[in-house]
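The C-terminal residue of the sequence shown carries number 578 in this note's numbering, and the numbering is unbroken.
The beta-carbon is built from N, C-alpha and C at its ideal position, and this holds for glycine as well.
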Amino acid sequence: MKKTACPLDCYDACKIVVDESMKLKGDKEHPITNGYLCYKLNHYFDYPQLNCAYYRGKKISINKALDILEEKIRDSQKILHFRGSGNVGKMQAVTDLFFAKVGATFTSGSLCDAAGQLGIREGRGKNLILPLSQIKKSELVIIWGRNVTSTNPHILPYLNGKTIVVIDPVKTEIAKRASMHLQIRPRTDLELACMLARFIYMQNSEDEEFIENYCENYDYFVDFIRSYRMTTTTQKIGVDILDIATLAELMQDMKTVILVGNGVQKYSHGTEVVRMIDSLGAMLGFHAKEGCGVSFLGDTSVNLKNPFEVDVKRIPKAEVDFSKFDLVFIQASNLAVTMPNTKRVLDGLSKTFSVVFGLYEDETAKIADLVIPAKNFLQKSDIRFSYGHEYVELMPKLQENVNAISEYEFTKEMFNRFGFEGLKSEEEYIEEFKKQLVKDEVGYKVPIFKEMPYKDGFFTKSKRFCFLDEVEDEFDMEKDGFFFITAKCKTSINSQFKRDNFLYVPISANLKDGDKVLAYSDYGEAEFEIRVSEKLRDGTILVYSGNERANYLTPPKSDNYGNGAIFQEIKVKLKKG
Ligand SMILES: Nc1nc2c(c(=O)[nH]1)N[C@H]1C(S)=C(S)[C@@H](COP(=O)(O)OP(=O)(O)OC[C@H]3O[C@@H](n4cnc5c(=O)[nH]c(N)nc54)[C@H](O)[C@@H]3O)O[C@H]1N2
Ligand SMILES: Nc1nc2c(c(=O)[nH]1)N[C@H]1C(S)=C(S)[C@@H](COP(=O)(O)OP(=O)(O)OC[C@H]3O[C@@H](n4cnc5c(=O)[nH]c(N)nc54)[C@H](O)[C@@H]3O)O[C@H]1N2
Ligand SMILES: [Mo]
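Okay, structure coming up:
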């Protein structure tokens, strides 16, 4: 029996026990995995891995594929290295060392949490992970735009016996079980946080000592929240003002943890939304109180020396125009599905030479000129961090596979072919990460992730928490059409594993299961099959991330500051087919 960790881009970062027959089980001793795995890992081997390379649809050897790639790189002026998050092991980034040496352009930001990450950093300086122990000690857990049952299921045992409040336009599974569900209109989280802050301010229950000793900009924050009129703002949010008042009281009386998810920040002002929720927490001193805290997706690399850091030209990920490059190298991303504005993505790819280095024959591999098969997480060595808890796991190689190559092997081969020097051994790189960790009775941890991460102050220049005091937001909320929610699916991880391709509509949309519709936005259109759902608020429709057509509708744009994708910054209309 051997142990490794799940490679998927997920809060839980589970530890896995692998038996002789390569059966995967959850590790009972791991603080979060708790002995069980999710659908995706339980069906890991149902999805066949690529077992050879392809050039324009024809099978070729890996060596031949690398010959073609080498020649192409030598002939290309403009190369793009686009790395996704199909596997979040640290060794994925070793390929950066090679592509930096050939002068490739890289991407900045992400399709994921970049807007919110910046919001947290602007307030706190660094985005440290809230340790599981604080969640355990809390009394009230506010689940704010995070669908824990699907995306963070191993946290559920930590929520037992606590008062749960859910803020989500969708009646998610956890919302059904919650003491209170604020089923707000999408894109009104900043306003809701403002109203909660107003109630706390009116009742004089802010944490004065904390604000005085650890914060700055509070007076401007007060001016800012007071600029929102109670009645019109509550109408915009679309929930009962008494519910908002009740939640404000609960937050004053109970030890509170806010679990903020990706759902709140897929908008142009995503940075400010997350910073506003964090400011609300700071107003009550949550960052320095036992059993309290605001937890967004944590920064896994904070304070780590990264041996793969490179100094390169970068362009915002969501906005990449592939046609501007002679050669596009796509690693661990199925961007023909997961990137915004699919039509633009496909047009761009058709005008360049594209290489996919991946695990599956996914949509992007199917249209690529060259496909290089990657080893899966069991077939190579790695180390992984989590953005939902403080533990780090080693991922030793457990299986041979001669039909694919690892990211390290790829890099080594390319270094050799180009005569580059300075690549260390795989073990040395993993050791460079490992030696920066500390070990407690449970496992490896990043040293900066302490019990109370901000007890000794913040990491901004002034060492103080910096409150939000303005927002730039020009989106027309009343524009005709539905709000377009794209949340994560329980049985897939973005485009990997079992996807859901339906378009969910509320009962009031007057459609029925099986209807075919054309959905269109300012950015594109696509056909969908309808499923009617009582979970949706009127005026909103939902597709899951990984839906093969969802991103035909989404904008190829980034948020105002963080270079994050803004999948939900649209209104969508439906035409029955
Ligand atoms: N099963 C599964 N797990 C996953 C993933 C997966 O694809 N499948 N993906 C992984 C990845 S890459 C990430 S980044 C994380 C993200 O996981 P989460 O943080 O859970 O993010 P989402 O599922 O995108 O959105 C969460 C919730 O936000 C709600 N929401 C949408 N718009 C709004 C809004 O305007 N306001 C509010 N308050 N809520 C809104 C949605 O209805 C949804 O329930 O999950 C990871 N875990
Ligand atoms: N509309 C909409 N779009 C979204 C989202 C949304 O909420 N709504 N979510 C966004 C978010 S949060 C994220 S993180 C992105 C994720 O989007 P992507 O980065 O595209 O991630 P995945 O779809 O998980 O996986 C992509 C590919 O990774 C490859 N892969 C898996 N393991 C390995 C490996 O070990 N090595 C190599 N070389 N390849 C591997 C597989 O071939 C797989 O097809 O999607 C984004 N797209
Ligand atoms: Mo993500």
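Annotation for Phe211: the continuous alpha helix (DSSP H) segment containing it runs 209-215. Looking at the DSSP output, Leu81 bridges to Thr106, Val329. Apart from sequence neighbours up to five positions away, the residues of its chain that approach Glu408 with a beta-carbon distance below 6 Å are Met92, Gln93, Val95, Thr96, ordered along the chain.
Taking a cut-off of 8 Å on C-beta distances, the region 258-267 does not touch the region 412-425, as fewer than three cross pairs fall below it.
Relative to ligand 1, the beta carbon of Lys489 is positioned inside 7 Å of a heavy atom. In this structure, the beta-carbon distance from Val573 to Tyr521 falls below 8 Å. In this structure, the C-beta of Ile74 stays at least 7 Å away from each heavy atom of ligand 1. Out of Glu71, Phe100, Thr152, the CA that lies nearest to the CA of Cys490 is found in Thr152.
Among the bridge pairs identified by DSSP, Val166 is matched with Ile143, Met181. Here DSSP, grouped into helix, strand and coil, assigns Glu526 to strand. For the 8 Å CB-CB criterion, Tyr505 and Leu537 form a contact.
Gln236 sits exposed, since fewer than 16 C-beta atoms from the chains shown fall within 10 Å of its C-beta.
Nearest in C-alpha terms to Leu395, of all of Phe419, Val356, Lys435, Ile63, is Lys435. Taking 8 Å as the cut-off, the beta carbon of Phe330 is found no closer than this to the beta carbon of Val346.
Spatial neighbours of Ala194 in its own chain (CB-CB distance under 6 Å, excluding positions within 5 residues in sequence) are listed in chain order as Met277, Ile278, Leu281.
For Ser355, the uninterrupted beta strand (DSSP E) run begins and ends at 354-359, by DSSP. If the five residues before and after Ile33 are omitted, its C-beta is found closer than 6 Å to the C-beta atoms of Asp13, His155, His390, all from its own chain and listed in chain order.
Our two residues, Gln569 and Val275, have alpha carbons roughly 15 Å apart in a direct line. With respect to the 8 Å criterion, Pro132 and Glu427 are not classified as neighbours on the basis of their beta carbons. Excluding five sequence positions before and after Ile508, the CB atoms of its chain that fall closer than 7 Å to its own CB belong to Val533, Glu535, given in chain order.
C-alpha of Asp322 to C-alpha of Lys73: approximately 19 Å in a straight line. When Asn511, Lys558, Asp560, Ala566 are compared, the shortest CA-CA separation from Ile542 is found for Asn511. In the assembly as shown, Ser180 is an exposed residue. Its beta-carbon has fewer than 16 other beta-carbons within 10 Å. Under the DSSP assignment, Met415 falls in the alpha helix (DSSP H) whose first and last residues are 408-419. Counting C-beta atoms within 10 angstroms of its own C-beta, Lys376 has 16 or more neighbours from the protein chains shown and is therefore classed as buried. According to the DSSP assignment, Ile384 belongs to the beta strand (DSSP E) that extends over 383-385. Relative to ligand 3, Cys7 has its C-beta separated by 7 Å or more from all heavy atoms.
With respect to the 8 Å criterion, Arg315 and Ile238 are not classified as neighbours on the basis of their beta carbons. The residues Leu360, Asn377, in chain order, have a CB closer than 6 Å to that of Gln50 in the same chain once the five nearest residues on each side in sequence are set aside. Secondary structure note for Thr234: its alpha helix (DSSP H) is the uninterrupted segment 231-238.
At a cut-off of 7 Å, the beta-carbon of Ile567 does not count as near ligand 1: no heavy atom of the ligand is closer than that.
Between the C-alpha atoms of Asn335 and Ile259 there is a straight-line separation of about 32 Å.
Note that the region 216-228 does not touch the region 158-170; fewer than 3 beta-carbon pairs, one per stretch, sit closer than 8 Å. It is roughly 43 Å from the alpha-carbon of Asp514 to the alpha-carbon of Phe200. In terms of side-chain proximity, the C-beta atom of Asp114 is found nearer than 7 Å to a non-hydrogen atom of ligand 3. By the Cβ test, the region 67-87 is not in contact with the region 522-530, since fewer than three Cβ pairs between them sit closer than 8 Å.
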